[in-house]
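Novice: Residue 39 in this note's numbering sits at position 54 of the sequence shown; the count goes up by one each step and never skips.
Where a beta carbon is used, it is the ideal one built from N, C-alpha and C, also for glycine.
One structure follows; several queries about it will come next.
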Amino acid sequence: MIDRRHLLLTLAALPAPALLRSRPAAAEAASAWSRDMRSSLRLIGAGSEGEGAALRHKAGLQIRLEPGTKTYWRTPGDSGVPPLFDWSASQNLAEISLAWPAPIRFSDGGGQSIGYKADVVFPILVRPADPAQPVHLAAKVDYAVCETICIPAKGETRLTLAAGPAPDTALAGEIARFAGQVPRPAVEGLSLALAGVEQASPHPVATLLADVGAETGRVDLFAEGPDPQWALPLPEPLDQGGARRRFRLTLDGAPRGVAPLGHLLTFTLVAGSRALEAQLKLA
């Protein structure tokens, strides 16, 4: 049987650093801002879900933009640079997944691009290697911020994630808000279909049919190839209103020597506050 008085005396005799080492690290609400010329970024936490092997930490990477500037989506369009995320300096990290909120289309002087013209939070889900220990998440990000010209930007920041409720409910709510903007594979009232492919010259042209119901907000469509070697153009909208919208996609931008027909493409349909991600095979 452990003598409680002996235990208390032993703890009292320990130096302060030893006591601190024996205590598990607490979850942090937010990291420090990593600032660049026209932007800044940080990590924010939203607590955890599940237990044991099913434990997952919820977090977000927040990019704050100066008014009038923009940054890019994973597929940036005619010009631009997609963000690159490096998590290799993290500790106790087994797996990380980052989600992309629905983007918008904009002109940036070099054509039409895809990205964000306001602050954005990328929701993150983290699986720890050891669920009993905190994750020390380290982010190194290379991205671009553009106004009339594009400026390379960099940021590095760290955040401790531990099991338990969100340290800051307001920040957790911000992560949840952007998580609600991530395209889903099934969204009520939205659908997308391939209407046909015309064997035009010099490139085939696909027509996509989007059913958006009574949507009165912005409707747009983005296309991605099977891998980053593809650089498809932005689909061209053929209708300005109505429940059914047509888009035309010129099948240019496949890797050299690759015929686009027969490949599975990923489409992101944005309709107001809703967003659908669908995979369609060109036939």
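Quick check: is the beta carbon of Val126 nearer than 9 Å to any beta carbon in chain D?
Specialist: Among the chains in the structure shown there is no chain D, since it carries only a single protein chain.
Novice: Can you tell me where the beta strand (DSSP E) holding Ala15 begins and where it ends?
Specialist: Along the sequence shown, one-based indexing puts residue 15 at 30. First-last for Ala15: undefined, no H or E at that position.
Novice: Cβ atoms of Pro108 and Ala148: under 9 Å apart, would you say?
Specialist: Within the sequence shown, the letter at position 163 stands for residue 148. Within the sequence shown, the letter at position 123 stands for residue 108. Not closer than 9 Å, so no.
Novice: Out of Thr56, Ala15, Ala87 and Ala161, state which residue places its alpha-carbon closest to the alpha-carbon of Pro277.
Specialist: No statement about residue 277 is possible, as the shown extent of the chain runs from -14 to 268 and does not include it.
Novice: Reducing DSSP to helix, strand and coil, say where Glu173 ends up.
Specialist: As a first step, residue 173 must be located in the sequence shown, where it is residue number 188. If DSSP states are grouped into helix, strand and coil, Glu173 belongs with coil.
Novice: Whole angstroms are fine: how far does the CA of Met22 sit from the CA of Lys266?
Specialist: For this step, residue 266 is matched to residue 281 along the sequence shown. For this step, residue 22 is matched to residue 37 along the sequence shown. Roughly 42 Å separates the two Cα atoms.
Novice: Pop quiz: Ala129 and Pro116 are said to be a contact at Cβ under 8 Å. What is the actual Cβ separation, rounded to whole angstroms?
Specialist: If you number the sequence shown from 1, residue 129 lands on position 144. If you number the sequence shown from 1, residue 116 lands on position 131. About 37 Å separates the two Cβ atoms, so there is no contact after all.
Novice: Could you have a look at Ala199 and say whether DSSP puts it in helix, strand or coil?
Specialist: Position 214 of the sequence shown, counted from the start, is the residue given in the question as residue 199. Three-state DSSP puts Ala199 in coil, outside helix and strand.
Novice: Give me, in chain order, the residues of the same chain whose beta-carbon lies closer than 6 Å to that of Pro67; leave out the 5 immediate sequence neighbours on both sides.
Specialist: Stepping through the sequence shown from its first residue, residue 67 is reached at position 82. Once the five neighbours on either side are set aside, the close Cβ partners of Pro67 are Tyr57, Arg59 and Pro61.
Novice: Check whether the stretch 138 to 147 touches the stretch 89 to 104, taking contact to mean three or more Cβ pairs, one atom from each stretch, closer than 8 Å.
Specialist: Taking 8 Å as the limit for Cβ pairs, the verdict is that the stretch 89 to 104 does not touch the stretch 138 to 147.
Novice: CB-CB under 7 Å to Ala164, same chain, minus the five flanking residues each way: which ones, in chain order?
Specialist: Sequence index remark: in the sequence shown, residue 164 carries index 179 (1-based). Excluding residues within five positions, the ones whose Cβ falls inside 7 Å are Ala84 and Pro108.
Novice: Near Ile81, what residues of its chain come up, given a Cβ to Cβ distance below 6 Å and the 5 sequence neighbours on each side ignored?
Specialist: Indexing the sequence shown from 1 puts residue 81 at position 96. Same-chain partners within the cutoff: Trp72 and Val111.
Novice: Measure the alpha-carbon distance for Glu183 versus Leu177 and round it to whole angstroms.
Specialist: On the sequence shown, position 198 is the one that residue 183 refers to. On the sequence shown, position 192 is the one that residue 177 refers to. So the alpha carbons of these two residues sit roughly 18 Å apart.
Novice: Based on Cα-Cα distance, which residue from Glu51, Gln214, Ala244 and Ala114 lies nearest to Val190?
Specialist: Here residue 190 corresponds to residue number 205 of the sequence shown, with the count starting at 1. It is Ala244.
Novice: When we look at the beta-carbon of Ile160 and count the other beta-carbons within 10 Å, is it buried (16 or more) or exposed?
Specialist: Position 175 of the sequence shown holds residue 160. Under this definition Ile160 is a buried residue.
Novice: Using CA atoms only, rank isn't needed, just tell me which of Leu28, Leu246 and Ala239 is closest to Ala124.
Specialist: By 1-based counting over the sequence shown, the position of residue 124 is 139. Per the Cα distances, Leu28.
Novice: By DSSP, does Glu159 sit in helix, in strand, or in coil?
Specialist: Within the sequence shown, residue 159 is the residue found at index 174, counting from 1. Glu159: helix per DSSP, three-state reduction.
Novice: Among all the DSSP beta bridges, which residues are the ones paired with Lys278?
Specialist: Residue 278 is absent from the model: the chain starts at -14 and stops at 268.
Novice: Could you give the C-beta distance for Leu194 and Leu254, rounded to a whole number, given that I count them as a contact under 8 Å?
Specialist: For the purposes of this step, residue 194 is identified with residue 209 of the sequence shown, where counting begins at 1. For the purposes of this step, residue 254 is identified with residue 269 of the sequence shown, where counting begins at 1. The Cβ separation is near 11 Å, so there is no contact.
Novice: In this structure, does DSSP put Ala263 in helix, strand or coil?
Specialist: Sequence index remark: in the sequence shown, residue 263 carries index 278 (1-based). The answer is strand: DSSP assigns Ala263 an E or B state.
Novice: Taking the beta strand (DSSP E) that Asp205 belongs to, which residues open and close that run?
Specialist: Taking the first residue of the sequence shown as position 1, residue 205 is located at position 220. Asp205 -> beta strand (DSSP E) spans Val204 to Glu209.
Novice: Who pairs with Asp71 in a beta bridge, going by DSSP?
Specialist: Here residue 71 is taken as the residue at index 86 of the sequence shown, counted from 1. Answer is Lys125, bridged to Asp71.
Novice: Less than 8 Å between the CB atoms is what I'm expecting for Gly210 and Leu217, so what's the real figure, rounded?
Specialist: Against the sequence shown, residue 210 aligns to sequence position 225. Against the sequence shown, residue 217 aligns to sequence position 232. Rounded, the Cβ-Cβ distance is 6 Å, consistent with contact.
Novice: Within its chain, find whatever has a CB closer than 6 Å to the CB of Gly53; leave out the 5 residues flanking it on each side and keep chain order.
Specialist: Taking the first residue of the sequence shown as position 1, residue 53 is located at position 68. Glu132.
Novice: Let me know the secondary structure DSSP gives Gly37 once reduced to three states.
Specialist: In the sequence shown, the residue the question calls residue 37 occupies position 52. Here Gly37 sits in helix by DSSP.
Novice: Any idea what DSSP makes of Ala216, helix, strand or coil?
Specialist: Within the sequence shown, numbered from 1, the residue matching residue 216 stands at position 231. Correct three-state label for Ala216: coil.
Novice: Below 9 Å between beta carbons: does that hold for Ala14 and Pro152?
Specialist: The residue labelled residue 14 in the question sits at position 29 within the sequence shown. The residue labelled residue 152 in the question sits at position 167 within the sequence shown. A contact, by the Cβ cut-off of 9 Å.
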